[in-house]
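Peer 1:
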Amino acid sequence: MFDLPSIRIGRVFGIPLELNVSWFVVFAVVGGVLTFSYFPTEFPGRPLWVNAASGIVGALLFFASIVAHEFSHSIVARRGGIGVDRVTLFMFGGVSQLSEEPRGPGRELAMAVAGPLMSVVLSTLLYLAYALMYDAGVSNVWWAPVEYLAVVNGVVAVFNFLPGYPLDGGRVLRAYLWWATGDRLRATRLASGAGQVLGVAIAAGAAVGIVTQGWEWVWMFVLGLFLRQLAASSMREQAVRLALAAVRAGDVMAAALVLGPHEPVSVVMQSAIATAPGSLIPVAADGLLVAVTDVTSLARAMSAQDSDAQVMSTARPVPPQALIDVRSSLEVAARAMQVSGERGLLVVRDGRIAGSLTVDAVSEHAITDVGPRRN
Ligand SMILES: [Zn+2]
69 MFDLPSIRIG RVFGIPLELN VSWFVVFAVV GGVLTFSYFP TEFPGRPLWV
119 NAASGIVGAL LFFASIVAHE FSHSIVARRG GIGVDRVTLF MFGGVSQLSE
169 EPRGPGRELA MAVAGPLMSV VLSTLLYLAY ALMYDAGVSN VWWAPVEYLA
219 VVNGVVAVFN FLPGYPLDGG RVLRAYLWWA TGDRLRATRL ASGAGQVLGV
269 AIAAGAAVGI VTQGWEWVWM FVLGLFLRQL AASSMREQAV RLALAAVRAG
319 DVMAAALVLG PHEPVSVVMQ SAIATAPGSL IPVAADGLLV AVTDVTSLAR
369 AMSAQDSDAQ VMSTARPVPP QALIDVRSSL EVAARAMQVS GERGLLVVRD
419 GRIAGSLTVD AVSEHAITDV GPRRN
């Protein structure tokens, strides 16, 4: 699903919002079902253009509802000190990409509950708006999409509260098990097991629906299989994140080779290859970090046969994402590498370069035993 391209459409509260291509299918289906099936059945005799206009308004309200649900998760996460890289909407809803996992079950609980709570609030407000319009004798053109979305938001809240990780209800379950056992990995394994069982149950129920009622159950069937798959892969991702979260950058960093801006490349090349093959190399003048370089850039200057080339001519500005505190976990480091595209980071203690961290050093700690694995 995430192999399909996503389009960044803007920022909400400073967090990038992306639409996966598969989302447009949902948008078209919601608009289409309203225009050609739901409205003509509920309000016979309305012209097509009225149903189409109401259908588009309904689809837009649906979009806004899912965005509000997802950003409720994100904003609670951010208030708890967890960065949100982006929010992506796709075929089966939305995903908030967090920079790290919540540090305690209380945070996890607050984050998980925020989304469905927003859906309940929206459902209530939309229902009130519908009731007011209905009582005031306003045309059904106006209240029909509002009434429909009141119901849809209620369904979204209930569905997301099903107790299978990574659904919101499954996160609540994980938070509870985490709190009760003190073991986050075990809690995740159990909640993700519940998610897989839930996914299989939904798919099985939908299969019965396809046989007895028809093809309208296909979407539900695919959703069930997707949920089972997502529960299994989230478990593996969690295990890796937890392993990384347990290690500090300062514990696995290597001593950093620091170069002066005016040192000749030909002189430093040997030691750069020997000590810092995959890392960022800090360039410092009078103890102050001014730029970074790496073995590839140094080698390029060497192969250009410019024997007088100085280190500074191979350097580039320090990418802000490339600096990490000694106390930060490898989970944060891995995320910083992913976001910045850097294969190495500079580890900083009290504003000074303390060492360097390579992608290899991080991935060594990402290997973990996740327990019984079924494939
Ligand atoms: Zn949610």
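Under my numbering, think of the first position of the sequence shown as 69, with each following residue one higher. Each residue gets a CB set at the ideal place from its N, CA and C atoms; glycine is no exception. Just so it is clear, the structure is predicted and the values come from calculations on it, not from any experiment.
How many angstroms separate the CA atom of Y244 from the CA atom of G250?
Peer 2: Spanning the two alpha carbons is a distance of roughly 10 Å.
Peer 1: For S187 versus V144, is the C-beta spacing smaller than 8 Å?
Peer 2: The answer is no: Cβ separation not under 8 Å.
Peer 1: Helix, strand or coil for V446? Go by DSSP, reduced to three states.
Peer 2: Residue 446 lies beyond the residue range present for the chain, which begins at 69 and ends at 443; the question has no answer from this structure.
Peer 1: Which residue comes first and which comes last in the beta strand (DSSP E) that contains G318?
Peer 2: Per DSSP, G318 belongs to no beta strand (DSSP E); it is in the alpha helix (DSSP H), 317-320.
Peer 1: Can you tell me where the beta strand (DSSP E) holding P385 begins and where it ends?
Peer 2: Here P385 belongs to no beta strand (DSSP E), and DSSP marks it neither H nor E.
Peer 1: Thinking just about the alpha-carbon of each residue, which of A178, V152, N208 is nearest to the one in P108?
Peer 2: The candidate whose alpha carbon is nearest that of P108 is N208.
Peer 1: Taking the straight line between their C-alpha atoms, what separation do you get for P184 and L190?
Peer 2: So the two alpha carbons sit approximately 10 Å from each other.
Peer 1: For the alpha helix (DSSP H) that S260 lies in, which residues bound it at each end?
Peer 2: Where S260 is concerned, the enclosing alpha helix (DSSP H) stretches over 252-280.
Peer 1: In three-state terms, what does DSSP make of D203?
Peer 2: Note: D203 maps to helix in three-state DSSP.
Peer 1: Say whether the segment 156-176 touches the segment 395-403, bearing in mind that this needs 3 or more beta-carbon pairs closer than 8 Å, one atom from each stretch.
Peer 2: Cβ pair count under 8 Å is three or more, so yes.
Peer 1: Flag this pair as touching only if the segment 227-242 and the segment 257-267 have three or more C-beta atom pairs under 8 Å; answer yes or no.
Peer 2: They touch, by the three-pair rule.
Peer 1: So D153 is in the beta strand (DSSP E); what residue range does that whole segment cover?
Peer 2: Element bounds for D153: 152-158.
Peer 1: Which same chain residues end up closer than 7 Å to E215 when comparing Cβ atoms and leaving out the 5 residues on each side of it in sequence?
Peer 2: Same-chain partners within the cutoff: Y198.
Peer 1: Counting only the same chain and skipping the five closest in sequence on each side, list residues whose C-beta sits under 8 Å from that of V155.
Peer 2: Same-chain partners within the cutoff: V80, I83, P84, L85, E86, V135, E138, F139, S142, G162, V163, S164, Q165.
Peer 1: Using the rule of at least 16 other Cβ atoms within 10 Å of the residue's Cβ for burial, across every protein chain shown, is I270 buried or exposed?
Peer 2: Its Cβ being crowded by 16 or more others within 10 Å, I270 is buried.
Peer 1: Measure the C-alpha to C-alpha separation of E294 and F160 and round it to an integer number of angstroms.
Peer 2: In the sequence on display, residue 294 carries Phe and not Glu. Their Cα atoms are separated by approximately 9 Å.
Peer 1: To the nearest angstrom, how far is the alpha carbon of T280 from that of V268?
Peer 2: Computed Cα separation, rounded: 18 Å.
Peer 1: Any residue with its Cβ nearer than 6 Å to a heavy atom of ligand 1 should be included. What is that list in chain order?
Peer 2: That query returns the following residues: H137, H141, G183, N228, D236.
Peer 1: Going by DSSP, what residues sit across from T343 in a beta bridge?
Peer 2: DSSP lists no partner for T343.
Peer 1: For A390, which residues from the same chain have a beta carbon less than 8 Å from its beta carbon, with the 5 sequence-adjacent residues on both sides left out?
Peer 2: Contacts found: L348, V360, A404, S408, E410, G412, L413, L414.
Peer 1: Which residue or residues does DSSP assign as beta-bridge partners of D393?
Peer 2: D393 pairs with V416.
Peer 1: Which first and last residues belong to the beta strand (DSSP E) in which L87 is found?
Peer 2: Run containing L87: 83-88, per the beta strand (DSSP E) assignment.
Peer 1: Mind checking H330: buried by the 16 CB within 10 Å criterion, or exposed?
Peer 2: Exposed is the call here.
Peer 1: Locate the beta strand (DSSP E) running through L291, then write down its first and last residues.
Peer 2: Unbroken run through L291 is the alpha helix (DSSP H), 286-313; no beta strand (DSSP E).
Peer 1: Is the Cβ-Cβ distance between M321 and L425 less than 8 Å?
Peer 2: Contact flag set, yes.
Peer 1: Run through DSSP, which three-state label would L357 get?
Peer 2: Of the three classes helix, strand and coil, the one that applies to L357 here is strand, per DSSP.
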